[in-house]
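Residue numbers (the working numbering): 857 to 1010. For every residue, glycine included, the Cβ atom is placed at its ideal position computed from N, Cα and C. Since the model is a prediction, treat every value here as computed from it, not as a measurement. I have placed the structure first, in the form of structure tokens, so that the comments after it can refer back to it.
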């Protein structure tokens, strides 16, 4: 009986530690996970956090929407839907494996837009980078030279 209680207590301790790491936001999660994963994790998480890749551009939200739709067409992603909020728009695509790709466009000013590509918590970083690269390729020429990732701004 004592061995069973100790086993259950140990399992609860491990589960609570894992839950704490998973529920920590952004930098705290990287710090906690960095001890386990190693120092290379810290460098990666600055630009790619929890399945999201952010970039800011000197471009209107309308141009960003058009570029996002064109990027989805380039990558032969299935358009699922658009969700419109005040000053932001989410454009949702799916690949052939039915993995969602959510591109959130946030109007910061009349000519500055935040572009966030979200492939999910465990989604591949390469997928989000490819999507972001295709979006940037479809932006007007002047905007391309002024886009900046969150890590470049730091």
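Beta-carbon gap between residue 959 and residue 947 smaller than 8 Å: Locating residue 959 in the chain shown gives position 103, counting from the first residue. Locating residue 947 in the chain shown gives position 91, counting from the first residue. Yes, the Cβ-Cβ distance between residue 959 and residue 947 is below 8 Å.
Taking the runs of the alpha helix (DSSP H) that are 4 residues or longer, which of them lie wholly in the stretch 902-948? 917-930
Whole runs of the beta strand (DSSP E) within the stretch 948-975, excluding any shorter than 3 residues: 956-965, 968-974
Supposed close pair residue 995, residue 911 - CB separation, criterion 8 Å: Residue mapping note: residue 995 aligns to position 139 of the chain shown, counting from 1. Residue mapping note: residue 911 aligns to position 55 of the chain shown, counting from 1. The pair is not a contact, with the Cβ atoms about 10 Å apart (cut-off 8 Å).
So, residue 924 versus residue 991, is the Cβ gap smaller than 8 Å? By 1-based counting over the chain shown, the position of residue 924 is 68. By 1-based counting over the chain shown, the position of residue 991 is 135. Annotated as proximal: residue 924 and residue 991, with beta-carbon spacing under 8 Å.
Kindly list the residues whose CB is nearer than 6 Å to the CB of residue 973, restricted to its own chain and excluding five residues on each side of it in sequence; keep chain order. Translated into positions along the chain shown, residue 973 becomes position 117. Counting only Cβ-Cβ distances below 6 Å, and skipping sequence neighbours, we find 909, 959, 984, 987, 988.
Taking the alpha carbon of residue 936 as the reference point, which residue from 943, 926, 921, 956 has its own alpha carbon closest? For this step, residue 936 is matched to residue 80 along the chain shown. Of 943, 926, 921, 956, the residue nearest in Cα terms is 956.
Could you compute how far the alpha carbon of residue 930 sits from the alpha carbon of residue 963? Residue mapping note: residue 930 aligns to position 74 of the chain shown, counting from 1. Residue mapping note: residue 963 aligns to position 107 of the chain shown, counting from 1. So the two alpha carbons sit approximately 24 Å from each other.
When the Cα of residue 914 is compared with those of 928, 967, 933, 949, which residue comes out closest? Counted from its first residue, the chain shown places residue 914 at position 58. Nearest of 928, 967, 933, 949 to residue 914, Cα basis: 967.
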